[in-house]
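Each remark here refers to the structure printed beneath this line.
Residue numbers (my numbering): 74 to 812.
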């Protein structure tokens with residue numbers, strides 16, 4: 074008799090019925106059950122049959138299952154063993170140990186899609202159709218083991234037909250915990266602004282979209298707001314109501330053919346679009362004027378395919394091919410999950426609500442060029458392999474936050490949290506920590522180390538300090554860009570390498586604002602070997618919202634009257650800024666702020682209305698530009714930006730602005746690359762690129778090209794976000810040398 078403990082993603086994926094089937098096929102007896110932190114299997118049989126069973130466990134496992142480890146041992150007897158049969162035993166929670174991770178929410182599968190539109194099926198047109206291969210998981214689970222009563226579906230008692238499927242080990246819905254039907258499950262309702270209930274909620278909502286109406290929609294992880302994406306009046310009205318004049322909206326497309334008509338879609342992008350994770354994928358527009366109201370001034374747009382039954386049903390009732398489907402919350406705030414909150418706070422025409430509680434709110438994931446901008450729905454709470462087995466809580470950055478918990482050589486990055494300077498987001502942050510600890514069968518007292526950013530004013534740093542004082546758990550603080558550097562190298566399984574890190578800002582080891590850095594990262598050390606030359610950051614953080622401040626600080630001796638009409642304080646404001654440069658005490662090496670400055674200089678963006686806007690519009694300006702050979706001088710590994718900025722400024726009326734924008738990207742990328750290459754060639758090291766600027770395809774492609782032409786290897790992020798959403802992962806890696 075053998076005892077087999079299976080660790081990994083083995084709950085909520087149809088694993089127990091799979092084990093039952095291969096046990097019957099291989100003629101072994103015993104039982105299988107969930108133990109919360111793992112799946113337990115007790116088997117007995119002929120030695121060859123047992124061997125074949127164990128081989129099948131890995132080779133034939135369900136498509137969504139992932140086995141991290143099998144612990145196999147001999148067992149002399151078992152009180153639950155029943156000779157001559159194999160059965161599925163009732164779940165039992167185990168002691169705190171290795172976590173059997175619940176899979177993320179999963180796109181509706183092909184079988185359920187077929188049944189959704191099959192008139193003879195009892196779930197015909199039912200918006201909560203699901204099975205063991207698809208549907209909500211992370212957003213509904215409270216704790217393990219993954220049984221119905223442990224999810225928010227527990228409030229819905231199964232009808233006889235659903236119960237029969239649920240108990241049939243050979244049925245696709247055997248122990249599919251969210252299983253439901255129109256008789257016994259959750260349902261949608263449609264309300265107008267006065268909260269009057271309307272009939273045929275989904276069909277009516279689709280027709281209202283056709284009539285230009287704006288609708289709040291409760292999805293799997295929270296509320297979205299939608300409208301016809303090609304109805305310019307509707308999109309403009311949505312912008313006015315949300316107070317987002319230019320921020321790009323996410324688009325929901327009918328199918329891949331519709332998307333390919335309006336966007337360039339590579340093979341890799343297509344794979345991302347149609348994957349069962351169904352992220353938003355940022356695609357290049359075929360015509361810059363397409364979705365101009367939804368993604369103004371940009372050459373690209375974020376689009377996703379339907380992932381819930383509701384999405385397929387909405388398209389079923391309309392001829393429209395594209396909906397705006399943007400998060401209903403304000404930028405940086407948590408997603409809205411309660412119907413009452415939606416009614417009280419959203420300025421929309423109608424509300425399409427359901428009565429299933431969302432336990433874990435979860436934003437859509439966003440990918441560009443294979444890199445995560447946001448890692449959330451479809452990917453959380455999957456773990457990522459790391460070199461240490463310590464239990465660490467890393468608090469992450471302040472903006473675009475996600476935290477990380479580590480356990481048994483895996484890092485579990487949370488869903489997107491947001492801007493922790495907002496009180497609601499900070500409360501969500503703490504709540505999400507408690508919930509992820511529960512899912513991992515961990516307690517706060519088991520944590521061996523807290524890690525935070527070095528910045529003393531980050532809310533996440535303050536919270537880490539508070540937790541450390543209250544619990545007695547030690548806290549270490551890691552410099553922001555060093556966290557980025559360590560993250561990208563470790564993700565690529567490298568102990569040593571040279572990392573270029575470019576972003577908006579981060580508190581430096583010298584107390585100044587960093588953001589354009591090159592590090593030599595060793596197994597137990599990190600050395601800053603190069604950076605942008607420091608420049609005054611007029612007003613500190615104000616320069617992020619008014620990038621003209623950086624232009625004035627670098628070109629204070631130039632005639633900047635051309636920009637007075639676009640600056641809200643006019644020529645007097647520019648003159649006042651020039652005077653401030655004499656006394657400015659805040660200096661920065663930020664590459665992000667520098668790109669913002671060039672965006673102002675080349676008139677692609679005069680003021681930031683949403684995070685990343687100036688640099689994004691500069692990239693769009695540069696998209697079809699031609700590189701003008703203008704290398705930037707480097708002295709002692711410090712990139713000299715002033716003369717280069719003056720050259721671009723002097724040429725702004727002589728050369729095409731898109732060529733100058735392209736030159737800015739490539740020249741800066743080449744300068745960083747050259748510093749990294751010189752260092753890496755000493756020991757033939759790999760060069761990596763991280764930070765928010767790594768989302769910029771022109772910039773990252775230029776670094777990749779330069780590095781590979783030098784004969785060195787280049788790596789970048791694929792598993793975690795390049796930006797601040799990946800900082801906590803990097804922080805968590807410092808445990809191995811601090812515990």
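Cβ atoms here follow ideal geometry from the backbone N, Cα and C, with glycine treated the same way. Keep in mind the model is a prediction, meaning the values are calculated, not measured.
By a C-beta neighbour count over all protein chains shown, 10 Å radius and 16 as the cutoff for buried, is residue 157 buried or exposed? Within the chain shown, the letter at position 84 stands for residue 157. So residue 157 counts as exposed.
Locate the alpha helix (DSSP H) running through residue 384, then write down its first and last residues. Residue 384 sits at position 311 when you count from the first residue of the chain shown. Unbroken alpha helix (DSSP H) run through residue 384: 382-389.
Could you please give the first and the last residue of the uninterrupted beta strand (DSSP E) stretch that includes residue 76? Your numbering for residue 76 matches position 3 in the chain shown. Residue 76 -> beta strand (DSSP E) spans 75-82.
Proximity below 8 angstroms, CB of residue 717 to CB of residue 691: As a first step, residue 717 is located in the chain shown; it is residue number 644 there, counting from the start. As a first step, residue 691 is located in the chain shown; it is residue number 618 there, counting from the start. Their beta carbons are not under 8 angstroms apart, which means residue 717 does not touch residue 691 by this criterion.
Please say whether residue 281 and residue 570 have beta carbons closer to each other than 8 angstroms? Sequence index remark: in the chain shown, residue 570 carries index 497 (1-based). Sequence index remark: in the chain shown, residue 281 carries index 208 (1-based). Result no, Cβ atoms of residue 570 and residue 281 do not sit closer than 8 angstroms.
Check whether the Cβ atoms of residue 253 and residue 201 lie closer than 8 angstroms to each other. Here residue 253 is taken as the residue at index 180 of the chain shown, counted from 1. Here residue 201 is taken as the residue at index 128 of the chain shown, counted from 1. Taking 8 angstroms as the Cβ cut-off, residue 253 and residue 201 qualify as a contacting pair.
Output the distance between the C-alpha atoms of residue 122 and residue 579, rounded to the nearest integer angstrom. For this step, residue 122 is matched to residue 49 along the chain shown. For this step, residue 579 is matched to residue 506 along the chain shown. Between residue 122 and residue 579, the C-alpha separation is close to 58 angstroms.
Extent of the continuous alpha helix (DSSP H) to which residue 581 belongs: Residue 581 sits at position 508 when you count from the first residue of the chain shown. Where residue 581 is concerned, there is no enclosing alpha helix (DSSP H), given that its DSSP letter is neither H nor E.
What would DSSP say about residue 779, mapped onto helix, strand or coil? For the purposes of this step, residue 779 is taken as residue 706 along the chain shown, with counting starting at 1. Residue state, collapsed to three classes: helix.
Quick test of your reading: residue 666 and residue 610, contact by CB under 8 angstroms. State the CB separation rounded to the nearest angstrom. Here residue 666 corresponds to residue number 593 of the chain shown, with the count starting at 1. Here residue 610 corresponds to residue number 537 of the chain shown, with the count starting at 1. The Cβ separation is near 7 angstroms, so the contact holds.
Would you call residue 256 buried or exposed, if buried means 16 or more other Cβ atoms sit within 10 Å of its Cβ? Reading the chain shown from its first residue, position 183 is the one you call residue 256. Residue 256 is exposed by the Cβ-count criterion.
Can a CB atom of chain C be found closer than 8 angstroms to the CB of residue 695? The chain labelled as chain C is not found in the depicted structure, where only one protein chain is given.
Roughly how many whole angstroms lie between the Cα atoms of residue 168 and residue 548? The residue you call residue 168 lines up with position 95 of the chain shown. The residue you call residue 548 lines up with position 475 of the chain shown. Unreliable placement is indicated for residue 168, whose pLDDT of 46 sits below 50; no coordinate value is reported for it.
Out of 598, 769, 786, 382, which one is the CA nearest neighbour of residue 275? Your numbering for residue 275 matches position 202 in the chain shown. For the residues 598, 769, 786, 382, the minimum Cα distance to residue 275 belongs to 382.
Spatial neighbours of residue 562 within its chain, please: CB distance less than 7 angstroms, with the 5 preceding and 5 following residues excluded, ordered by chain position. Within the chain shown, numbered from 1, the residue matching residue 562 stands at position 489. Excluding sequence neighbours, residue 562 sits near 570, 572, 594, 761.
Rounded C-alpha distance that separates residue 179 from residue 553: Counting from one through the chain shown, the residue named residue 179 turns up at place 106. Counting from one through the chain shown, the residue named residue 553 turns up at place 480. Spanning the two alpha carbons is a distance of roughly 33 angstroms.
For the putative contact between residue 294 and residue 434, defined by C-beta atoms under 8 angstroms, what is the C-beta separation to the nearest angstrom? Translated into the one-based positions of the chain shown, residue 294 becomes position 221. Translated into the one-based positions of the chain shown, residue 434 becomes position 361. With a Cβ gap of about 6 angstroms, residue 294 and residue 434 count as contacting.
Could you spell out where the beta strand (DSSP E) holding residue 444 opens and where it closes? Position 371 of the chain shown, counted from the first residue, corresponds to residue 444. Segment 444-447, the beta strand (DSSP E) holding residue 444.
Boundaries (first-last residue) of the beta strand (DSSP E) holding residue 526: The count along the chain shown starts at 1 and reaches residue 526 at position 453. First-last of the beta strand (DSSP E) with residue 526: 522-526.
Suppose you measure from the CA of residue 503 to the CA of residue 362; what does that come to, to the nearest Å? To locate residue 503, count along the chain shown from 1; it is residue 430. To locate residue 362, count along the chain shown from 1; it is residue 289. Rounded to whole angstroms, residue 503 to residue 362 spans 42 angstroms at the Cα level.
Would you please state the rounded distance, in angstroms, between the beta carbons of residue 763 and residue 557? I believe it to be under 8 angstroms. If you number the chain shown from 1, residue 763 lands on position 690. If you number the chain shown from 1, residue 557 lands on position 484. Indeed, because the Cβ distance is near 4 angstroms, the residues count as touching under 8 angstroms.
Considering only heavy atoms of the ligand MG, does any lie closer than 7 angstroms to the CB of residue 507? Here there are no bound small molecules, and the ligand MG is not part of this structure.
Cβ neighbours of residue 736 in the same chain (closer than 6 angstroms, five flanking residues each side left out): Here the question's residue 736 lines up with position 663 in the chain shown. Result list for residue 736: 700, 701, 703, in chain order.
Suppose only complete runs of 3+ residues qualify. What are the beta strand (DSSP E) ranges in the region 174-207, listed by chain order? none
Is DSSP giving residue 424 helix, strand or coil here? Walking along the chain shown from the start, residue 424 turns up at place 351. Of the three classes helix, strand and coil, the one that applies to residue 424 here is strand, per DSSP.
So what's residue 403 in DSSP terms, helix, strand or just coil? The residue you call residue 403 lines up with position 330 of the chain shown. Reduced to three states, the DSSP call for residue 403 is coil.
Taking the beta carbon of residue 741 as the centre, do at least 16 other beta carbons fall within 10 Å, making it buried, or is it exposed? By one-based count along the chain shown, residue 741 stands at place 668. Counting Cβ neighbours within 10 Å, residue 741 comes out buried, since at least 16 surround it.
Sequence-distant residues of the same chain with beta carbon closer than 7 angstroms to residue 210, five excluded per side: The count along the chain shown starts at 1 and reaches residue 210 at position 137. Excluding positions up to five away in sequence, the list reads 85, 175, 176, 177, 178, 179.
CA nearest to the CA of residue 531, picked from 478, 674, 568, 797: Taking the chain shown and counting its residues from 1, the one referred to as residue 531 is at position 458. Answer by Cα proximity: 797.
How many angstroms separate the CA atom of residue 134 from the CA atom of residue 535? Residue 134 sits at position 61 when you count from the first residue of the chain shown. Residue 535 sits at position 462 when you count from the first residue of the chain shown. So the alpha carbons of these two residues sit roughly 45 angstroms apart.
Quick check on the DSSP output: the beta strand (DSSP E) that includes residue 300 runs from which residue to which? Here residue 300 corresponds to residue number 227 of the chain shown, with the count starting at 1. Here the beta strand (DSSP E) through residue 300 covers 296-301.
The region 434-447 contacting the region 341-358, beta-carbon criterion three pairs below 8 angstroms: yes
Whole-number beta carbon distance between residue 114 and residue 77, since they are thought to touch under 8 angstroms: Your numbering for residue 77 matches position 4 in the chain shown. Your numbering for residue 114 matches position 41 in the chain shown. So it is a contact: roughly 4 angstroms between Cβ atoms.
Enumerate, from N- to C-terminal direction, the unbroken beta strand (DSSP E) stretches of 3 or more residues contained entirely within the region 536-619. 548-551, 570-580, 586-595, 598-605
What does the alpha-carbon distance come out to for the pair residue 327 and residue 196? Working through the chain shown from its first residue, we reach residue 327 at position 254. Working through the chain shown from its first residue, we reach residue 196 at position 123. Going from the Cα of residue 327 to the Cα of residue 196 covers about 21 angstroms.
Cβ atoms of residue 289 and residue 424: under 8 angstroms apart, would you say? Counted from its first residue, the chain shown places residue 424 at position 351. Counted from its first residue, the chain shown places residue 289 at position 216. The answer is yes: Cβ separation under 8 angstroms.
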